[in-house]
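Student:
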Amino acid sequence: MIIRPVRDSAADAVAVREVAAAAFGQPDTARRDGTAVPDARAVRHEARTRHLVRTDPQGCWVAEDGGRAVGAALSLRREGLWLLALLVVDPALQGKGVGRLLLQRAAAHGRGCLRGMLCASPSPAAARRYRLSGFTLHPAMQLRGPVDRAGLQDPGDIPVHPGGPGQLHLLDSVDRRLRGAAHGPDHGFMLAHFEELLVADSLAGSGYCYRDGGEVKLLAATSKRIAVRLLREALARVPEGTDALVEHLTADQEWAVDVGLEVGLTVGTRGYVALRGMRPPVPYLPDGAFL
Numbered sequence: 146m147i148i149r150p151v152r153d154s155a156a157d158a159v160a161v162r163e164v165a166a167a168a169f170g171q172p173d174t175a176r177r178d179g180t181a182v183p184d185a186r187a188v189r190h191e192a193r194t195r196h197l198v199r200t201d202p203q204g205c206w207v208a209e210d211g212g213r214a215v216g217a218a219l220s221l222r223r224e225g226l227w228l229l230a231l232l233v234v235d236p237a238l239q240g241k242g243v244g245r246l247l248l249q250r251a252a253a254h255g256r257g258c259l260r261g262m263l264c265a266s267p268s269p270a271a272a273r274r275y276r277l278s279g280f281t282l283h284p285a286m287q288l289r290g291p292v293d294r295a296g297l298q299d300p301g302d303i304p305v306h307p308g309g310p311g312q313l314h315l316l317d318s319v320d321r322r323l324r325g326a327a328h329g330p331d332h333g334f335m336l337a338h339f340e341e342l343l344v345a346d347s348l349a350g351s352g353y354c355y356r357d358g359g360e361v362k363l364l365a366a367t368s369k370r371i372a373v374r375l376l377r378e379a380l381a382r383v384p385e386g387t388d389a390l391v392e393h394l395t396a397d398q399e400w401a402v403d404v405g406l407e408v409g410l411t412v413g414t415r416g417y418v419a420l421r422g423m424r425p426p427v428p429y430l431p432d433g434a435f436l
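Numbering (this note's numbering), first residue to last: 146 to 436.
So this is what it looks like as C-alpha cells:
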C-alpha cells in the first residue's frame, strides 16, 4: 500500500469520489439512457477535490492498494485554521490503520495552526480517532423535513438579498469574526456550485447563508437576530415538495433548532462538530466540506 498526494486530475477526483461513496454507503451515480453517469452531487464532489488540490496540495492524500484507491484525506488551512474536509477508508480496510496514516499526512499540513475544525460522522471509530488527536467532540443535530410555511414568521425590518462576488469582503469579515479565519478562495467555489447566496448587511449586523435546493449549506452572522432572519429566509426559499435539511447544529445553535421547530422540521442527532483550540462559533452553521 502507498499513500501519495492527490493529483489535480479527473482520474484522481473520480477515485476520491468513489471511495467516499463506498465508505458512506451512498450511490454517486444516476441512470441516463441506461448508462451510469455521475449525478450533480458527485460532479460537485470531484470539483471540490480538484479545488482543494489546487489551493492546498500538501493537504490532500490518497491511499492506494494495487493501484486502486482505498482511502483519501482532504484538508485545508485558512489563516491559521486547519480544517479536515474529508477522511474516508474503504469499508474492507477500516480498522487496519489506513485512516490513521491518512490523518497523519493531512494533519501535517496544519502544523503551526493553533485551531482546528471538522465535521465527523457518527462512526465510533472516527470519534475515537479525532478525540485522540486532541479534538473536543460536540454532538451535533440535524433538522429535516418539509417546510410548514404557516410557521414562517414576519421577516421584520432586516433586509436579506441575493449576494455575489461583490460581497466577498463582507463574507470574509464575518468569517474572521466567527471562526477566526476567512474562507477566502472557498467562497468562489461555493458561489459557483451552490444555488444561492443570501446576504444581510444592516446597522444591526451582517451575515450570509448559502442554500442549495433544500439544503442550508453554510450560515454565519454577527448576531443571533441576523442568523435567525437568514435561516428563515433560506427555509422560505426551499422549493415546494423538497425537504429541507440543516446539519451540524451543536447545542450552541439552539436558535437554529427553534427556527426549525417553527416550520415543522424534525430534529435528529448525527455525528459531531469537532474543534481544537477554539470554542464553537456562534451563531454559525458549518458546511461539512469547507466548514
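Where is the CB? At the ideal position from N, CA and C, for every residue including glycine.
It should be emphasised that the depicted structure is a prediction, and the values quoted were computed from it without experimental measurement.
Verify whether the separation of the beta carbon atoms of VAL161 and ALA230 is less than 8 Å.
Tutor: As a working mapping, residue 161 is identified with position 16 in the sequence shown. As a working mapping, residue 230 is identified with position 85 in the sequence shown. It is not a contact, given that the beta carbons lie outside the stated cut-off.
Student: Work out the CA separation of GLN203 and ILE148 for me, nearest whole Å.
Tutor: On the sequence shown, residue 148 is found 3 positions in, with the first residue counted as 1. On the sequence shown, residue 203 is found 58 positions in, with the first residue counted as 1. Cα-Cα distance, rounded: 12 Å.
Student: Give, in chain order, every unbroken run of the alpha helix (DSSP H) that is at least 4 residues long and sits entirely within the segment 324-387.
Tutor: 330-338, 369-381
Student: Need the endpoints of the beta strand (DSSP E) that GLN287 sits in, please.
Tutor: Position 142 of the sequence shown, counted from the start, is the residue given in the question as residue 287. It spans 281-290 - the beta strand (DSSP E) in which GLN287 sits, taken as one unbroken run.
Student: Is SER154 buried or exposed, if buried means 16 or more other CB atoms sit within 10 Å of its CB?
Tutor: What you label residue 154 is simply residue 9 of the sequence shown in a count that begins at 1. Burial call: exposed.
Student: Starting from GLU224, trace the beta strand (DSSP E) both ways and give me its first and last residue.
Tutor: Here residue 224 refers to the residue found at position 79 when the sequence shown is read from its first residue. Looking at the DSSP string, GLU224 is not in any beta strand (DSSP E), and its letter there is neither H nor E.
Student: If the criterion is Cβ atoms closer than 8 Å, does the pair VAL344 and TYR353 meet it?
Tutor: The residue labelled residue 344 in the question sits at position 199 within the sequence shown. The residue labelled residue 353 in the question sits at position 208 within the sequence shown. Yes; because the gap between Cβ atoms is below 8 Å, this pair is in contact.
Student: Report, in whole angstroms, the separation of the C-beta atoms of PRO310 and LEU336, which I expect to be a contact under 8 Å.
Tutor: In the sequence shown, counting from the first residue as 1, residue 310 sits at position 165. In the sequence shown, counting from the first residue as 1, residue 336 sits at position 191. Sure, about 7 Å apart at Cβ, within 8 Å.
Student: Closest by CA to MET146, which one among ALA217, MET423, ASP201?
Tutor: Along the sequence shown, read from residue 1 onward, the residue named residue 146 stands at position 1. Considering only alpha carbons, the answer is ALA217.
Student: For ARG177, which three-state DSSP category applies?
Tutor: Stepping through the sequence shown from its first residue, residue 177 is reached at position 32. Only weak support is given to the placement of ARG177: the predicted model assigns it a pLDDT of 41, under 50, and the question is left unresolved by the model.
Student: Would DSSP call VAL319 helix, strand or coil?
Tutor: Your numbering for residue 319 matches position 174 in the sequence shown. Helix, per DSSP.
Student: Within the continuous beta strand (DSSP E) that includes ARG199, where are the two ends?
Tutor: Translated into positions along the sequence shown, residue 199 becomes position 54. It is not in any beta strand (DSSP E) - ARG199 instead sits in the alpha helix (DSSP H) that spans 185-200.
Student: According to the Cβ coordinates, are ARG193 and ALA372 closer than 8 Å?
Tutor: In the sequence shown, residue 193 corresponds to position 48, counting from 1. In the sequence shown, residue 372 corresponds to position 227, counting from 1. No Cβ-Cβ contact shorter than 8 Å links ARG193 with ALA372.
Student: Give the DSSP-derived three-state secondary structure of ALA252 in the structure shown.
Tutor: Counting from one through the sequence shown, the residue named residue 252 turns up at place 107. In the structure shown, ALA252 sits in a helix (DSSP, three-state: H, G or I).
Student: Under three-state DSSP, which class holds ARG245?
Tutor: Residue 245 sits at position 100 when you count from the first residue of the sequence shown. In this structure, ARG245 counts as helix in the three-state DSSP scheme.
Student: Consult DSSP for TYR429 and reduce its assignment to one of helix, strand or coil.
Tutor: For the purposes of this step, residue 429 is taken as residue 284 along the sequence shown, with counting starting at 1. Of the three classes helix, strand and coil, the one that applies to TYR429 here is strand, per DSSP.
Student: So what's ASP405 in DSSP terms, helix, strand or just coil?
Tutor: Your numbering for residue 405 matches position 260 in the sequence shown. In the sequence on display, residue 405 carries Gly and not Asp. Helix.
Student: Taking the beta strand (DSSP E) that VAL391 falls in, what are its first and last residues?
Tutor: By 1-based counting over the sequence shown, the position of residue 391 is 246. Its beta strand (DSSP E) spans residues 389-394.
Student: Measuring CB atoms only, is the segment 288-306 touching the segment 403-416, in the sense that at least three cross pairs come out at less than 8 Å?
Tutor: yes
Student: Which of the three DSSP states is assigned to ASP210 in this structure?
Tutor: For the purposes of this step, residue 210 is taken as residue 65 along the sequence shown, with counting starting at 1. ASP210 falls in the strand class under three-state DSSP.
Student: Give the C-beta separation of ALA366 and VAL404 to the nearest angstrom, bearing in mind that I take them to be a contact with Cβ-Cβ under 8 Å.
Tutor: The residue you call residue 366 lines up with position 221 of the sequence shown. The residue you call residue 404 lines up with position 259 of the sequence shown. 12 Å between Cβ atoms; not a contact.
Student: How should ASP432 be labelled, buried or exposed, when 16 other C-beta atoms within 10 angstroms of its C-beta is the threshold for buried?
Tutor: Here residue 432 corresponds to residue number 287 of the sequence shown, with the count starting at 1. Buried, because 16 or more other Cβ atoms sit within 10 Å of the Cβ of ASP432.
Student: If you count every other CB in all the chains shown that lies within 10 Å of the CB of ALA175, and 16 or more means buried, which is it?
Tutor: Numbered from its first residue, the sequence shown carries residue 175 at position 30. Confidence is the limiting factor: at ALA175 the pLDDT is only 42, short of 50, which leaves the residue's position unreliable, though a coordinate-based value still follows. That one is exposed.
Student: Less than 8 Å between the beta carbons of GLU340 and ASP357, yes or no?
Tutor: If you number the sequence shown from 1, residue 340 lands on position 195. If you number the sequence shown from 1, residue 357 lands on position 212. Yes, the Cβ-Cβ distance between GLU340 and ASP357 is below 8 Å.
Student: LEU259: buried (16+ other C-beta within 10 angstroms of its C-beta) or exposed?
Tutor: Position 114 of the sequence shown, counted from the first residue, corresponds to residue 259. Exposed.
Student: Could you spell out the range, first to last residue, of the alpha helix (DSSP H) harbouring VAL164?
Tutor: One-based indexing of the sequence shown puts residue 164 at position 19. Looking at the DSSP string, the run of the alpha helix (DSSP H) that includes VAL164 is 155-169.
Student: Strictly under 8 Å for the Cβ-Cβ distance: is ASP432 near chain D by that measure?
Tutor: Of the protein chains in the structure, only one exists, and it is not chain D.
Student: Determine which residues share a DSSP beta bridge with ILE147 and list them.
Tutor: As a first step, residue 147 is located in the sequence shown; it is residue number 2 there, counting from the start. Bridge partners of ILE147: GLU209.
Student: Mind checking whether VAL402 and LEU394 have CB atoms under 8 Å apart?
Tutor: Start at 1 with the first residue of the sequence shown, and residue 402 comes out as number 257. Start at 1 with the first residue of the sequence shown, and residue 394 comes out as number 249. Yes, Cβ-Cβ distance for VAL402 and LEU394 is below 8 Å.
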